[in-house]
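Down below is the structure, laid out as structure tokens.
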Amino acid sequence: ASTQNGNPSDILTTNGLSFGKHVPCPTNLRVEKYLTTSILIAWNPPSITMTQILGYQILLDHSLYTTICANERTRALIENININEKFHRISIRTITQHGLSRDQECTLLLTMSATNGNLNDLSYAPSDLRVDRINQTSAVVSWWPASNDIVHKLFVNDIEVQTLKAGVYRFKLSGLLPNTIHKVTIKAKPNNTANTQQLSAA
Numbered sequence: 001a002s003t004q005n006g007n008p009s010d011i012l013t014t015n016g017l018s019f020g021k022h023v024p025c026p027t028n029l030r031v032e033k034y035l036t037t038s039i040l041i042a043w044n045p046p047s048i049t050m051t052q053i054l055g056y057q058i059l060l061d062h063s064l065y066t067t068i069c070a071n072e073r074t075r076a077l078i079e080n081i082n083i084n085e086k087f088h089r090i091s092i093r094t095i096t097q098h099g100l101s102r103d104q105e106c107t108l109l110l111t112m113s114a115t116n117g118n119l120n121d122l123s124y125a126p127s128d129l130r131v132d133r134i135n136q137t138s139a140v141v142s143w144w145p146a147s148n149d150i151v152h153k154l155f156v157n158d159i160e161v162q163t164l165k166a167g168v169y170r171f172k173l174s175g176l177l178p179n180t181i182h183k184v185t186i187k188a189k190p191n192n193t194a195n196t197q198q199l200s201a202a
């Protein structure tokens with residue numbers, strides 16, 4: 001349910017807002033408590049911001065779950081989920097007059113280990129690897145990190161080309177050989193899990 005204080009206009013009417021290029025994202029998204037069919041999450045406001053924060057949108061599995069006003073505590077109870085059965089992704093957007101922060105900038109993948117019953121088992125593997133803006137010698141690679149605290153390594157044709165600091169979820173490849181198929185792999189540093197995709201630079 002949405003936590004609304006007073007008049008639900010302005011902050012809660014965000015249909016006309018789009019993702020802003022320089023909108024600061026929330027930080028330190030974390031699970032504070034696991035319950036049987038719900039979780040309590042919390043996050044910190046953007047560390048640096050030059051614009052007024054109106055509130056936050058909370059997304060569960062890429063769908064809007066609720067909105068938190070700027071004057072409320074930066075935490076929320078996510079109800080009616082069962083991480084025993086499937087993975088769930090939480091994302092938090094900052095709401096400003098200039099638009100919204102991007103979902104991949106503040107996200108957390110929740111998993112359940114069927115073997116040990118550990119409710120806070122976190123899979124570090126990146127997911128949904130995409131390759132866009134492909135031309136003769138370059139392409140843009142993007143992915144969904146399991147957490148914004150994870151460092152990733154980028155490989156092209158099994159050769160490491162870049163170590164990407166935590167919080168980075170896209171990278172422009174350049175200097176590719178034209179008319180060639182390249183294999184792109186993203187590996188999360190904690191347990192060396194990976195997501196792989198091939199691209200054709202033609």
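Using full-length UniProt numbering, you'd call the opening residue of the sequence shown number 1 and step up by one each time. Even for Gly, the Cβ is constructed at its ideal location relative to N, Cα and C. In this text the structure is predicted, and so the values were computed from the model without any measurement.
Look up H98 in the DSSP assignment and give the residues it is bridged to. In the sequence shown, counting from the first residue as 1, residue 98 sits at position 98. DSSP output for H98 lists no bridge partner at all.
Per the DSSP calculation, residue 206 is bridged to which residue(s)? Nothing can be reported for residue 206, as the shown portion of the chain is limited to 1 through 202.
Measuring straight from C-alpha to C-alpha, what distance separates I181 and E79? In the sequence shown, counting from the first residue as 1, residue 181 sits at position 181. In the sequence shown, counting from the first residue as 1, residue 79 sits at position 79. Each residue's Cα considered, the two are about 45 Å apart.
With three or more C-beta pairs closer than 8 Å as the rule, is the region 155 to 166 touching the region 128 to 138? Taking one beta carbon from each stretch, the region 128 to 138 and the region 155 to 166 have fewer than 3 pairs nearer than 8 Å; the two do not touch.
Give the DSSP-derived three-state secondary structure of E85 in the structure shown. Residue numbering aside, residue 85 sits at position 85 when the sequence shown is read from its first letter. E85: coil per DSSP, three-state reduction.
Based on Cα-Cα distance, which residue from S142, A188, L54, L77 lies nearest to K172? Numbered from its first residue, the sequence shown carries residue 172 at position 172. It is S142.
Taking C-alpha atoms, which residue in V23, N157, T66 lies nearest to P45? Position 45 of the sequence shown holds residue 45. Looking only at V23, N157, T66, the smallest Cα-Cα distance to P45 is reached by V23.
Grab me the residues of A146's own chain with a C-beta within less than 7 Å of its C-beta, minus the 5 sequence neighbours each way, in chain order. In the sequence shown, residue 146 corresponds to position 146, counting from 1. Within the same chain, A146 has close Cβ partners L109, L122, S123, Y124, A125, P126, A188.
Rounded C-alpha distance that separates residue 260 from Y34: With the chain covering 1 to 202 only, the question about residue 260 has no answer from this structure.
What is the DSSP secondary structure of D132, counted as helix, strand or coil? Taking the sequence shown and counting its residues from 1, one reaches residue 132 at position 132. The answer is strand: DSSP assigns D132 an E or B state.
Of the residues T36, F155, D149, L177, the one placed nearest N82, counting alpha carbons only: One-based indexing of the sequence shown puts residue 82 at position 82. Each of T36, F155, D149, L177 was checked against the Cα of N82, and the nearest Cα belongs to T36.
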